Amino acid sequence: MFGKGLVKGMQITFKEFWSPKATIQYPEHQNPIPDRYHGRFTLDVDKCIACGMCANACPNKVISLQKQKVGTKQYLTNYVMKIYYCLFCGLCVESCPKDALHFSKVINMNQYHFSDIPLVLVQREAPAVTAESEVAASKTSDKEGE
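Just so we're aligned: 152 in my numbering is position 104 of the sequence shown, and the numbers increase by one with no gaps anywhere.
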C-alpha cells in the first residue's frame, strides 16, 4: 500500500523535474504584458476638456479634478487619482468622450511613503486671460443675451 503511492508520487516528481520551467528571473526578464492590461493611468492633457465624466463614472470616487474657466473654455488645473482606492475597473477610461485617459503597461506603481501614493497627472496654473479671449467671451455672452 505504501510502496504504490510512493512510486506514483515519485513518477509525478520526476516528470515535473524535467518539464519546462514556469518561473522567470523577474527584474531582468518579464513576461509579455497583454494589450488589455490595466496598469498605470496616463492622461493626454491636450485632449482633455475637463468635463468631469471620468470622475462621475468612478464607483469609488478616486478621481478629483479642478478646472478654471479661461475665456470660453474649461482649463484643467489639477487632476489627482487616489490609487489606493482604485479598483482598476476601467469605467473612467471608457467614459472619457475625448479618449484622453488611458491605461499604460507600467506594472510597478509601488511607493515607500503613503503620501506618495496619490497619482498626480496634472498640476499646473491656468493661463492668464488675454485680450482676444476676453473679446471672444464678450461676443458669446452677447449672443446668449439676445
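For glycine and all other residues, C-beta sits at the position ideal for the given N, C-alpha and C.
Being a predicted model, the structure only gives us computed values, none of them experimental.
Query	Result
For K146, the nearest candidate out of D92, Y133 and N104 (CA to CA)	D92
Which of helix, strand or coil DSSP assigns to F136	coil
Rounded straight-line distance, which links the Cα of I155 to that of Y74	12 Å
Reference L113; option with closest CA among A98, G119 and Q78	A98
Boundaries (first-last residue) of the beta strand (DSSP E) holding N126	K121 to M129
N108 and L149 closer than 8 Å at C-beta	no
S143 in three-state terms, based on DSSP	helix
Exposure of V168, with buried meaning 16 or more beta-carbon neighbours within 10 Å	exposed
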